[in-house]
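The structure under discussion appears below in the form of structure tokens.
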Amino acid sequence: MSASSNVTGFHQRLAMVLSPRSTSEVQALVREHGQDKTTPFYPISKGHNWGYGSRSPVTEGNTLVDLSGMNRIRNAEAISVDHPIAVIEPGVTQGQLHDFLAEHCPELTFNVTGAGRATSLIGCALDRGVGYFGPRREDLFGLEIVTGTSEILKTGFRRLGEDSPLAHLHPDGLGPILDGLFFQGNFGIVTSACLRLRPRRPREVAVSLSLHRTQDLGELINRLARLKRDGLLTSVTHIGNRARNHSTLTYGIAEYLETACGRSPSQALAESEQVLNLLAPNEWASLAAVTGNHGQVRAALREIRQRIGKLARVMVVTDRLLDVGFAVTHALRFLPIARANAAAIHAMRPLHQLALGTPTDLPIQNLMWQFGHPNLDVEEFDSSKCGVLFISPALPLDGALVMDVVAGMERIAEEHGHRLYMTLNIETATSLVAVINLLFDRSEDEQTTRAHRCADALLAYVQERGLSPYRARVDMMDKIVSADDPYWQTVRKLKQVFDPDNIIAPGRYNLP
Ligand SMILES: Cc1cc2nc3c(=O)[nH]c(=O)nc-3n(C[C@H](O)[C@H](O)[C@H](O)COP(=O)(O)OP(=O)(O)OC[C@H]3O[C@@H](n4cnc5c(N)ncnc54)[C@H](O)[C@@H]3O)c2cc1C
Numbered sequence: 001m002s003a004s005s006n007v008t009g010f011h012q013r014l015a016m017v018l019s020p021r022s023t024s025e026v027q028a029l030v031r032e033h034g035q036d037k038t039t040p041f042y043p044i045s046k047g048h049n050w051g052y053g054s055r056s057p058v059t060e061g062n063t064l065v066d067l068s069g070m071n072r073i074r075n076a077e078a079i080s081v082d083h084p085i086a087v088i089e090p091g092v093t094q095g096q097l098h099d100f101l102a103e104h105c106p107e108l109t110f111n112v113t114g115a116g117r118a119t120s121l122i123g124c125a126l127d128r129g130v131g132y133f134g135p136r137r138e139d140l141f142g143l144e145i146v147t148g149t150s151e152i153l154k155t156g157f158r159r160l161g162e163d164s165p166l167a168h169l170h171p172d173g174l175g176p177i178l179d180g181l182f183f184q185g186n187f188g189i190v191t192s193a194c195l196r197l198r199p200r201r202p203r204e205v206a207v208s209l210s211l212h213r214t215q216d217l218g219e220l221i222n223r224l225a226r227l228k229r230d231g232l233l234t235s236v237t238h239i240g241n242r243a244r245n246h247s248t249l250t251y252g253i254a255e256y257l258e259t260a261c262g263r264s265p266s267q268a269l270a271e272s273e274q275v276l277n278l279l280a281p282n283e284w285a286s287l288a289a290v291t292g293n294h295g296q297v298r299a300a301l302r303e304i305r306q307r308i309g310k311l312a313r314v315m316v317v318t319d320r321l322l323d324v325g326f327a328v329t330h331a332l333r334f335l336p337i338a339r340a341n342a343a344a345i346h347a348m349r350p351l352h353q354l355a356l357g358t359p360t361d362l363p364i365q366n367l368m369w370q371f372g373h374p375n376l377d378v379e380e381f382d383s384s385k386c387g388v389l390f391i392s393p394a395l396p397l398d399g400a401l402v403m404d405v406v407a408g409m410e411r412i413a414e415e416h417g418h419r420l421y422m423t424l425n426i427e428t429a430t431s432l433v434a435v436i437n438l439l440f441d442r443s444e445d446e447q448t449t450r451a452h453r454c455a456d457a458l459l460a461y462v463q464e465r466g467l468s469p470y471r472a473r474v475d476m477m478d479k480i481v482s483a484d485d486p487y488w489q490t491v492r493k494l495k496q497v498f499d500p501d502n503i504i505a506p507g508r509y510n511l512p
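Counting along the sequence shown from 1, when you hit position 450 you're at 450 in the working numbering, and nothing is skipped either side.
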């Protein structure tokens, strides 16, 4: 299996893999290897860009620059509630930062994603990933970059030097803000960055909603949007469809039924259906966090219940509630209803904790389990049979339009014999991003080809409606970047400034 093969079923051949350990090593390799101008570099932080291409470059014959060995939190000693900034290298993972903060500064947390403990903070942010508290792009500033000309550029006030009192605290610096160029940009290799940490609030609860009637999805989106704009929903709200919610929960439920209740795998699977109907009985359900002081959270929850209560079942979940609920139902698990509730709590606990800042491998393990992978080591996800393709359109926060686009995409998927696994994420007060994936068995050529054909048709549909993805797979670049478009022509001109020989990630969010 090739080093760049991955769950999308698309990969390009690599020339070699290099693993620099420091910024000066990255600079040296760009300077030296860059001289032959024939072998471009493809930088990755951890290379777990699952569903978007993982370690695969856009074009053939790149040298993979694997930065996972650069995994220092450079200012570990300085991090505190009064200095909530971590200066991190690309190999620092969600799991690593979570464990570090739990041990050294439990008052702080960060914007966690659902992609597992082993994924990076920098790579995910650079590809404009979305965490439970908002777009990851907003977390990162003060970038240290080795450009294609092998110069080191530092953005914001990091340009004043690491010892400047401003270096890690004033995100925008002075003059044009260059950071944006390096998010979904192929102008350089980012070797470190400042990451915003967040104070934990006195009260943090997860709120899950189960929409009673499918036809009210648009109205739910509009009401959640208003709650977001009014500052009452402090996190991203993830609204998932039944396929997606069931897909994420089944493994946790079956695992509990097998290990704690002695069910056989087939019995556990059959019983999981009943538990899923208890947990997520309707087509759409959502998860968000509400955080603040006790008074703020109480007031926000009252308002959420008032505005949403008629449309959806509202469940407020705290760690304590889950602990007590699990203790009682687990003890009574010989009763079917108690067993179902214990299994439900076991499965949803890690997902609720995700909304409150604790990363989990469960969503990835769930996929590996569904595809019959014998062990659930997420590092083996890209060599499993599981096939995943993301299509991620940016959408306006307009319920009727979102419903219409979703219905159109569902129609296309059905024509190709697929169903869509969807989350609609209200990420800011004015924007929604849909993260939609196709699942297929990658060991079957027919399934892989059909899934890619379906993904192409979905992209064409999105574009025909005047919309666009907000994040793109490596195999999609020729369909989203156009030589006729003045915007991409300008991006190409900027490439001349930072990387005139086109040696960094050619074709990635840029003309080839
Ligand atoms: C079940 C499931 C759930 C997921 N949930 C989420 C989620 O909640 N939110 C989310 O955002 N994503 C999610 N993902 C998608 C993806 O797995 C994550 O975004 C993951 O964090 C990306 O991998 P990485 O962090 O290892 O980044 P990498 O793969 O290392 O980097 C991503 C891309 O950024 C560029 N890049 C990386 N490092 C550098 C660098 N140092 N310099 C220049 N360019 C660089 C490269 O183009 C690279 O391909 C999910 C995927 C699955 C399958």
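From the three backbone atoms N, C-alpha and C, an ideal C-beta is built for every residue, glycine too.
Quick one: grab the DSSP three-state call for residue i.
i             : result
aspartate 139 : helix
glycine 252   : helix
cysteine 261  : coil
alanine 118   : coil
arginine 203  : strand
serine 54     : coil
serine 164    : coil
Any idea which residues DSSP pairs residue i with across the strands?
i              : result
asparagine 425 : His238 and Val433
valine 314     : Leu209
threonine 582  : Examination of residue 582 is not possible in this model, given that the chain is present from 1 through 512 alone.
serine 468     : Ala394
aspartate 441  : Cys386
glycine 175    : Paired residue(s): none; glycine 175 is not in a bridge.
lysine 493     : For lysine 493, which the question treats as bridged, DSSP gives no partner whatsoever.
valine 87      : Cys194
isoleucine 145 : Leu153 and Val190
threonine 93   : Ser120
isoleucine 504 : Phe41
isoleucine 513 : What is shown of the chain runs 1 to 512, which leaves residue 513 out entirely.
Please tell me whether, using a cut-off of 7 Å, the distance from the CB of residue i to the nearest non-hydrogen atom of ligand 1 is below it.
i             : result
alanine 505   : yes
valine 491    : no
asparagine 71 : no
proline 43    : yes
proline 500   : no
lysine 385    : no
leucine 29    : no
alanine 115   : yes
leucine 67    : yes
glycine 134   : no
glycine 295   : no
proline 90    : yes
threonine 119 : yes
lysine 46     : yes
tyrosine 52   : yes
proline 363   : yes
cysteine 124  : yes
valine 87     : no
Among the residues of its own chain, which have a CB less than 7 Å from the CB of residue i, if the five just before and after it don't count?
i              : result
glutamate 271  : Leu257 and Arg263
asparagine 410 : First, the residue type needs correcting, since residue 410 is glutamate and not asparagine in the sequence shown. Cβ neighbours of glutamate 410 beyond the five flanking positions: Leu420.
histidine 170  : Gly156 and Phe157
threonine 147  : Leu153, Phe187, Gly188, Phe498 and Asp499
arginine 137   : Ala125, Arg128 and Phe183
Which first and last residues belong to the beta strand (DSSP E) in which residue i is found?
i              : result
leucine 195    : 188-196
aspartate 66   : 62-66
alanine 15     : 14-18
proline 396    : 386-396
serine 4       : It is not in any beta strand (DSSP E) - serine 4 carries neither H nor E in the DSSP assignment.
valine 481     : Run containing valine 481: none; DSSP gives neither H nor E here.
alanine 288    : 284-292
isoleucine 514 : The first residue shown for the chain is 1 and the last is 512, placing residue 514 beyond what the model contains.
Go through its chain and collect everything with a Cβ distance to residue i's Cβ below 6 Å, but skip five positions before and after it.
i          : result
valine 378 : Gly116, Ala118, Asp361 and Ile364
lysine 154 : Glu144
Near residue i, which residues of its chain fall below 8 Å by C-beta distance, leaving aside the five closest residues on each side in sequence?
i                 : result
phenylalanine 326 : Ala342, Ile345, His346 and Arg349
proline 84        : Leu108, Arg196, Leu197, Arg198 and Pro199
glutamate 60      : Gln12 and Arg13
glutamate 219     : Leu311 and Gly399
phenylalanine 390 : Gly51, Tyr52, Val435, Ile436, Asn437, Arg471 and Arg473
At which residues does the alpha helix (DSSP H) containing residue i begin and terminate?
i             : result
threonine 403 : It is worth fixing the name first, because residue 403 is methionine in this sequence and not threonine. Its alpha helix (DSSP H) spans residues 399-415.
tyrosine 132  : From DSSP, tyrosine 132 is part of no alpha helix (DSSP H); its letter is neither H nor E.
serine 24     : 23-33
glutamine 353 : 336-355
Check whether chain D comes within 8 Å of residue i, counting only Cβ atoms and requiring the distance to be less than that.
i           : result
proline 165 : This model lacks chain D altogether; it includes just one protein chain.
Given the structure, does residue i come close to ligand 3, in the sense that its CB is under 7 Å from one of the ligand's heavy atoms?
i            : result
arginine 159 : Of the ligands one can find in the structure shown, namely ligand 1, none is ligand 3.
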